[in-house]
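These notes are about the structure you will find just below.
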Amino acid sequence: MNGLVIDPALVESLLVNFLREEVGHNGFTKALLGVSGGVDSAVVAALAARAFGPSNVLGVMMPYRTSDPASEAHARLLISELGIASRKVDISGMADGYLGGANIEQPMRRGNVMARCRMIVLYDLSVEWSGLVLGTSNKTEILLGYSTQWGDSASALNPIGDLYKDQIYQLARHLNVPVPILDKAPSADLFPGQTDEGELGFTYADADRLLYLMVDERMRESELVERGFAPEFIRKLAARIAATQFKRVPPIIAKLSHRTINQDFRYLRDWGK
Amino acid sequence: MDCRVTLAQTNPTLGNLAANLRDHVERIRAATAAGSQLIVFPELSLTGYFLKDQTVDLALPLGAKELDELATLSKSISIVVGFVERSKDGRIYNSVAFFEDGRVLAVHRKVHLVTYGMFDEQREFAAGEEFRAIESKLGRFGVLICEDAWHVSSGYQHFLNNVDTLLVPSNSPGRGIGGGESDLQSRRTWNTLLESHGRFFQTWVVYANRVGWEDGVVFSGGTRIVDPFGDVACALDGFDAGTLQGRVESRTLERARVMTPLRRDAKPWILAEALKRGLAKDGGA
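Sequences listed follow chains A and B, in order. Quick note: the first sequence uses the numbering used here, first residue 243, plus one each step. Quick note: the second sequence uses the numbering used here, first residue 107, plus one each step.
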C-alpha cells in the first residue's frame with residue numbers, strides 16, 4: 243500500500259465538513275485566507291469556497307514590492323475561477339517602515355517580517371470580514387518547521403495540516419486548481435528566485451516519502467535505510483523535526499501552581515461548542 | 107424475540123448536558139412515535155468525548171435528574187444512553203445505561219479504556235470489571251462500549267452469556283486516508299470487526315457511533331445493524347447526524363445457529379482450564 247496515495251473525493255468531503263463544523267462551532271459562517279498564488283492556499287480556498295459558498299470566502303493578496311508578479315497573477319486566476327471575494331493589501335509600506343529603519347538585510351529576517359505583516363493584515367481583516375483565518379500550512383512544512391512562527395503558521399484552523407505536499411497536489415488536481423499553479427515550483431516568494439526545494443536542499447517528493455515512513459509508520463533508521471534512504475538524509479530530517487518542535491506547540495509556561503494552563507488545566511478549544 | 111430498533115447517530119455538543127439531553131428527548135419521542143421498541147445512542151452521548159477536565163464536572167450519579175428524565179421516557183421505549191457515571195464511592199466511569207419500564211435496568215461500565223495514541227481514557231475514568239448479560243423484556247443483550255469490542259474476550263464472554271444482541275455504542279474517530287481507499291481505514295476496520303462479531307458470536311450487532319468534530323477530530327458514524335450471519339442488515343453512510351431504523355429478529359438467530367452450531371460446539375471449559383493453569387498471565391512471554 244502506498245500510504246501517500248489518497249482518494250481526493252473522500253478527503254474533500256471530510257475537509258469541507260471540517261471547515262463548516264469547526265468554523266460554525268465558533269459562531270462564524272465565513273472565512274478568509276492569504277492567497278499567495280501557490281498550491282497550498284489554492285487548495286484551502288477551493289475547500290472553503292465549497293464549505294461556505296464563494297461569497298463567504300475572502301482571498302487576500304498581500305504582495306511586497308519585490309514579490310514575483312506571477313504570484314499575484316496566479317492568485318487572481320484562482321480567485322476568479324473560484325468566484326470568491328478578494329482584497330489586495332500591499333505590505334511594502336508596513337514592512338519597510340520597520341525593515342528600513344532597522345536596516346535589516348538578512349533575507350531570513352526580512353522574510354519573517356513579511357510573513358508576520360501578512361498575519362497582522364489577515365487577523366485585522368478577520369474582524370471586518372467577520373470570518374476566521376484559515377491556515378495554509380501542509381504537514382510536510384509543519385514537520386520540517388519550514389514556516390515563520392506567528393507568521394504564515396498563524397491561523398484559527400487549518401484544514402490541510404495533516405496532508406503531505408504530494409497529497410496536496412492530489413487534492414489540488416481533484417479540486418481543479420488552475421494548471422499554472424500546479425505546474426510551477428513551490429516558493430515562499432520572500433526573495434527573488436527563491437524556491438522551497440532550493441532552500442531546503444532536498445525535494446518534496448523525497449521528503450514526503452521519508453516523513454511518511456518515519457512519522458506515520460514509525461519506521462526505524464535501519465528500516466528506512468533498507469528502503470533506500472541515505473542515513474545522512476534520515477538524520478537531517480529527524481534533527482530538523484526535533485529542532486523545530488517549538489513551532490508546533492503553544493509557548494511553555496513555568497509551572498508554579500497546582501493547576502497550570504495546558505499542564506493540568508486541560509480543555510479542548512471546542513469546550514462547550 | 108423480535109424488536110424494532112432505532113439507532114441515533116448524534117453529534118453532541120461538547121460538555122453541554124442540557125443541550126444533549128434535549129436532543130435525546132426529541133429523538134426518543136420521535137422513535138417512540140415511529141413504533142420503535144428500543145433506541146440506542148452512542149458512547150458518552152450525553153456529554154461528547156474529549157472531555158478532559160470537564161469529565162468530573164459532568165459525572166452523574168444514578169438517580170440524577172437527567173437520568174430520571176430518560177427513565178421516565180423508558181416507560182414507552184427501552185433506551186440505551188452513554189454518560190459519565192459517578193459511582194457511590196466517587197469513581198468516574200465511562201458508562202452506558204439501559205433504561206426500561208421507567209427505571210435503570212442495567213449499567214455497563216467500559217472495561218477496556220482506550221489509552222494510546224490520541225486517547226487518554228485511563229486518565230479520566232476508572233475501568234469496569236465485568237461483562238454481564240442484560241435480561242430485557244425485548245431479549246438478552248450484551249453491551250460493549252467501543253474499545254471493549256476490540257478485545258475478542260469481551261465478545262466471547264457475551265457469546266458464553268448467550269446474548270442475542272450485542273449493543274456497541276461507540277465514539278470512534280475517523281482516521282487513515284492512505285492507500286487511495288474510498289473509505290477511512292478506521293471505518294473499514296470497524297465494519298470488519300462488527301461483521302466478524304455477528305458471524306462468530308452469532309448475535310445481532312447493533313453499532314451506534316457518533317459524528318461531528320471535536321478540535322479537528324472527526325467521529326466517523328457508520329452506524330449499522332449486522333445480522334448473525336455477519337451481513338449488514340442496514341447502515342448509515344456519510345458523516346452526518348441521522349437516524350437508522352431496523353429490526354433484530356429471533357428467527358434469523360435460530361437459522362444462523364442451526365447452519366453453524368458454534369454455540370452448541372463451544373468448549374469454554376478448555377479456556378477455563380488454560381486460564382486456571384495461568385497460561386494467560388504472561389502470555390507465554
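Think of the CB as a built atom: it goes at the ideal place given N, C-alpha and C, for glycine as much as any other residue.
Task: Enclosing alpha helix (DSSP H) for Gly-322/B [first to last residue] - done: Counting along the chain, Gly-322/B sits inside no alpha helix (DSSP H), nor does DSSP assign it H or E at all.
Open item on the list: Is the beta carbon of Lys-407/A closer than 8 Å to that of Tyr-208/A?
Closed with: Coverage of chain A is limited to positions 243 through 515, which leaves residue 208/A absent and any answer about it impossible.
Task: Integer-rounded CB distance, given that Ser-260/B should sit under 8 Å from Leu-250/B - done: The C-beta distance from Leu-250/B to Ser-260/B rounds to 5 Å, short enough to fall under 8 Å.
Task: Boundaries (first-last residue) of the beta strand (DSSP E) holding Ala-203/B - done: It spans 198-206 - the beta strand (DSSP E) in which Ala-203/B sits, taken as one unbroken run.
Open item on the list: Considering only DSSP beta bridges, list what Ser-114/B is partnered with.
Closed with: Sequence inspection shows Ala at residue 114/B; the Ser mentioned does not correspond to that position. Thr-349/B, per the DSSP bridge assignment.
Open item on the list: Is Gly-121/B close to chain A? Criterion is C-beta to C-beta, closer than 8 Å.
Closed with: Chain A, which has a Cβ nearer than 8 Å to the Cβ of Gly-121/B, makes this yes.
Task: Extent of the continuous beta strand (DSSP E) run through His-130/B - done: From DSSP, His-130/B is part of no beta strand (DSSP E) but of the alpha helix (DSSP H) over 123-139.
Open item on the list: Pop quiz: Asp-333/B and Trp-310/B are said to be a contact at Cβ under 8 Å. What is the actual Cβ separation, rounded to whole angstroms?
Closed with: So it is a contact: roughly 6 Å between Cβ atoms.
Task: Any C-beta of chain B under 8 Å from that of Trp-513/A - done: For Trp-513/A, a Cβ of chain B is located within less than 8 Å of the residue's own Cβ.
Open item on the list: Strictly below 8 Å CB to CB, what residues from chain A border Glu-320/B?
Closed with: Per Cβ cutoff of 8 Å: Leu-510, Asp-512.
- [ ] Flag this pair as yes or no: are the beta carbons of Cys-109/B and Gln-143/B separated by less than 8 Å?
- [x] Here Cys-109/B is near Gln-143/B, since their CB atoms are less than 8 Å apart.
Task: Nonlocal neighbours in the same chain, by C-beta distance under 6 Å from Ile-331/B, ignoring five residues either side - done: By the criterion of a C-beta distance shorter than 6 Å, Ile-331/B is surrounded in its chain by Val-312, Ala-339, Cys-340, Gly-352, once the five residues flanking it on both sides are discounted.
- [ ] Go through its chain and collect everything with a Cβ distance to Ala-239/B's Cβ below 6 Å, but skip five positions before and after it.
- [x] Result list for Ala-239/B: Arg-246, Gly-248, Asn-267, Val-269, in chain order.
TODO: Check each candidate in Thr-295/B, Gly-344/B, Val-190/B and name the one with the smallest Cα separation from Gly-318/B.
DONE: Shortest Cα-Cα distance from Gly-318/B to any of Thr-295/B, Gly-344/B, Val-190/B involves Gly-344/B.
Open item on the list: Give me the subset of the region 406-421 of chain A whose CB atoms are less than 7 Å from a CB atom of chain B, sorted by chain position.
Closed with: Within the region 406-421 of chain A, contact with chain B at the beta-carbon level (separation under 7 Å) is assigned to no residue.
TODO: Note the first and the last residue of the continuous beta strand (DSSP E) segment covering Glu-241/B.
DONE: Per DSSP, Glu-241/B belongs to the beta strand (DSSP E) from 240-242.
Open item on the list: Distance check for Leu-432/A and Arg-352/A, CA to CA, integer angstroms please.
Closed with: Approximately 8 Å between the Cα atoms of the pair.
Open item on the list: Measuring only the C-alpha atoms, how far is Leu-120/B from Ser-389/A?
Closed with: Just so you know, the alpha carbons of Leu-120/B and Ser-389/A end up roughly 32 Å apart.
TODO: Run down chain B in chain order and give the residues with a C-beta less than 8 Å from the C-beta of Met-243/A.
DONE: In chain order: Gly-284, Gly-285.
Open item on the list: Suppose you measure from the CA of Gly-276/A to the CA of Asp-249/A; what does that come to, to the nearest Å?
Closed with: Near 26 Å, if we compare the C-alpha coordinates of Asp-249/A and Gly-276/A.
Open item on the list: Can you list, in chain order, the residues of its chain with a C-beta nearer than 7 Å to that of Ile-332/A? Leave out the 5 residues immediately preceding and following it.
Closed with: This sequence places Asp at residue 332/A; Ile is not what is there. Once the five neighbours on either side are set aside, the close Cβ partners of Asp-332/A are Pro-305.
Task: Closest by C-alpha distance to Pro-275/B, when choosing among Val-323/B, Met-107/B, Glu-379/B, Lys-216/B - done: With distances taken between Cα atoms, Pro-275/B lies closest to Lys-216/B.
Open item on the list: Between which residues of its own chain and Leu-364/A is the CB-CB distance below 7 Å, once the five residues before and five after are set aside?
Closed with: Here the set comprises Leu-274, Gly-276, Val-302, Val-375.
Open item on the list: Short of 6 Å in beta carbon distance, which residues of its chain neighbour Phe-507/A, apart from the five on each side in sequence? Order them along the chain.
Closed with: Residues of the same chain with a CB within less than 6 Å of the CB of Phe-507/A, apart from the 5 flanking positions on each side, are Arg-501 in chain order.
Task: Selection of the region 324-336 of chain B by Cβ proximity to chain A, strictly under 7 Å - done: Taking a C-beta cut-off of 7 Å against chain A, the contacting residues of the region 324-336 of chain B are Val-324, listed in chain order.
- [ ] Taking Thr-153/B as the reference, give the member of Val-146/B, Ile-145/B, Asp-163/B with the closest Cα.
- [x] Among Val-146/B, Ile-145/B, Asp-163/B, the Cα nearest to that of Thr-153/B is on Asp-163/B.
Open item on the list: Just to make sure I have the definition right: I need the residues of chain A whose C-beta is within less than 9 Å of the C-beta of Asp-289/B. Which are they?
Closed with: Within chain A, the residues whose beta carbon sits less than 9 Å from that of Asp-289/B are Asp-249, Leu-252, listed in sequence order.
Open item on the list: Looking at Ala-233/B: is its Cβ nearer than 8 Å to the Cβ of Arg-192/B?
Closed with: Contact flag unset, no.
Task: Where Pro-394/A falls, given that 16 or more other Cβ within 10 Å makes a residue buried - done: Per the sequence shown, residue 394/A should be read as Asp rather than Pro. By the beta-carbon neighbour count (other beta carbons within 10 angstroms, threshold 16), Asp-394/A is buried.
Open item on the list: Applying the 10 Å Cβ sphere with the 16-neighbour rule, what's the burial state of Met-243/A?
Closed with: Counting the other CB atoms within 10 Å of its CB gives Met-243/A a total below 16, which places it among the exposed residues.
Open item on the list: Quick check: the Cα distance between Ala-480/A and Gln-348/A, rounded to an integer number of angstroms?
Closed with: The straight-line gap from Cα to Cα measures roughly 27 Å.
Task: Cβ-Cβ distance between Leu-278/B and Ser-292/B below 8 Å - done: According to the sequence displayed, residue 278/B carries Ser and not Leu. Closer than 8 Å, so yes.
Open item on the list: Please list the terminal residues of the continuous alpha helix (DSSP H) segment that includes Val-299/A.
Closed with: Annotation: Val-299/A is outside any alpha helix (DSSP H); the continuous beta strand (DSSP E) that includes it extends over 299-303.
- [ ] Measure from the C-beta of Leu-256/A to each C-beta in chain B and report whether the shortest distance is under 8 Å.
- [x] Cβ-Cβ to chain B under 8 Å: yes for Leu-256/A.
Task: Contacts around Ala-337/A, its chain only, beta-carbon distance under 7 Å, and the 5 residues preceding and following it disregarded - done: Listed in chain order, the non-local C-beta contacts of Ala-337/A below 7 Å within the same chain comprise Tyr-306, Val-355, Met-356, Cys-359, local neighbours out to five positions each way being set aside.
TODO: State yes or no: is the beta carbon of Phe-265/B nearer than 8 Å to at least one beta carbon in chain A?
DONE: Residue contact with chain A for Phe-265/B: absent (no Cβ-Cβ distance below 8 Å to any residue of chain A).
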